[in-house]
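These notes concern the structure reproduced below.
2 protein chains.
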Amino acid sequence: MNAREKKIYWAKAKVLKALAHPTRLWMAEQLAGGERCVCEFVDAVGVDFSTVSKHLAVLKKAGIVADEKRGKKVFYRLKVPCVLNFMDCIESVIRSESSCECR
Amino acid sequence: MNAREKKIYWAKAKVLKALAHPTRLWMAEQLAGGERCVCEFVDAVGVDFSTVSKHLAVLKKAGIVADEKRGKKVFYRLKVPCVLNFMDCIESVIRSESSCECR
DNA sequence: CCGTTGTTTGGCAAAATAGCCAAACGTCGT
DNA sequence: ACGACGTTTGGCTATTTTGCCAAACAACGG
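Given below as structure tokens:
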């Protein structure tokens with residue numbers, strides 16, 4: 000793994016890392032059903048406004064979502080929907096793990 | 000997001016988190032080309048034996064790879080190859096980010 | 001049985017992450 | 001201009017993650 004490769008894998012890992020949090024993953028999936036404002040997530044997730052905002056900022060910085068301000072509210076939308084194609088595979092990992100992992 | 004859902008998303012995030020590290024992601028991709036022993040990775044990645052071992056343990060615990068001891072060496076193989084299907088999408092995120100993210 | 005090789009484990013320090021609070025900011029209605 | 005609402009930012013602490021070192025283990029060769 001040379002320096003160039005290292006850079007590439009660091010970038011890829013950043014995208015994965017953005018999704019690798021229960022709340023962020025859940026929010027990303029919600030956005031698949033259409034845009035949502037921050038306040039909607041706050042109610043649904045049950046954490047602080049600032050926490051939701053920071054999570055969304057992580058997703059945005061990773062290039063996964065985009066935000067748009069309309070009036071007082073900020074709406075987030077899924078910029079790259081393919082990120083959710085992965086979920087079937089993830090679920091198969093979880094299933095195979097629980098069936099094969101002996102203890 | 001109720002308690003049940005929270006559990007599910009926590010589990011999904013765990014799998015993603017396992018892949019969300021440059022070294023682990025790189026190793027997972029290497030394993031797509033067939034099994035490798037720990038020592039091969041040590042040479043290629045340039046970190047400590049123990050570090051490689053721990054990274055592989057994370058992937059194993061997540062259910063992504065499996066290990067098998069043969070003689071002195073431990074060989075790791077990709078248990079769920081679909082995890083790499085995601086890479087095209089990740090790359091498109093990176094591309095769209097660099098082209099659209101205005102600064 | 002001893003040394004060597006390949007790997008894992010425990011322990012530690014440094015760095016990154018998560019989530020709360022308080023404060024700041026932008027937009028709207030009045 | 002003022003207050004209310006929706007959001008972001010800064011700061012703080014607690015927790016997690018990373019990676020090195022040293023020690024422990026396991027399997028083989030002589």
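Sequence order for the protein chains is U and F. Just so we're aligned, residue 0 is where the first sequence starts under the numbering used here, counting upward by one. Just so we're aligned, residue 0 is where the second sequence starts under the numbering used here, counting upward by one. The beta-carbon is built from N, C-alpha and C at its ideal position, and this holds for glycine as well.
- Listed in chain order, the alpha helix (DSSP H) runs fully inside the segment 30-98 of chain F are 37-44, 48-60, counting runs of at least 4 residues.
- When only Cα atoms are considered, residue 38/U and residue 37/F end up about 47 Å apart.
- Contact between residue 40/F and residue 26/F holds, with the beta-carbon distance rounding to 6 Å and staying under 8 Å.
- Contact residues of the segment 7-38 of chain U toward chain F are 8, 9, 10, 11, 12, 14, 15, 16, 18, 19, 20, 21, 24, 25 (C-beta to C-beta distance below 7 Å).
- Of the residues assessed, residue 4/F falls on the exposed side of the cut-off, its CB having fewer than 16 other CB atoms within 10 angstroms.
- By the Cβ-count criterion, residue 62/F is buried, with 16 or more other Cβ atoms from all chains shown falling within 10 Å of its own Cβ.
- Boundaries of the alpha helix (DSSP H) harbouring residue 10/F: 2-18, taken from the DSSP string.
- Between the alpha carbons of residue 22/F and residue 70/U lies a distance of about 43 Å.
- Contact with chain U is found for residue 78/F, since one of that chain's Cβ atoms lies less than 8 Å from the residue's Cβ.
- Sorting 72/F, 87/F, 68/F, 56/F by C-alpha distance to the C-alpha of residue 80/U places 87/F at the top.
- Between residue 53/F and residue 64/F, the C-beta spacing is not below 8 Å.
- Contact annotation: residue 92/F and residue 18/F have beta-carbon atoms that are not nearer than 8 Å.
- Using a Cβ distance threshold of 8 Å, residue 44/F and residue 51/F count as a contacting pair.
- By the rule that beta-carbons nearer than 8 Å mark a contact, residue 5/U touches chain F.
- Closest in C-alpha terms to residue 6/U, from the list 24/F, 73/F, 31/F, 59/F, comes 24/F.
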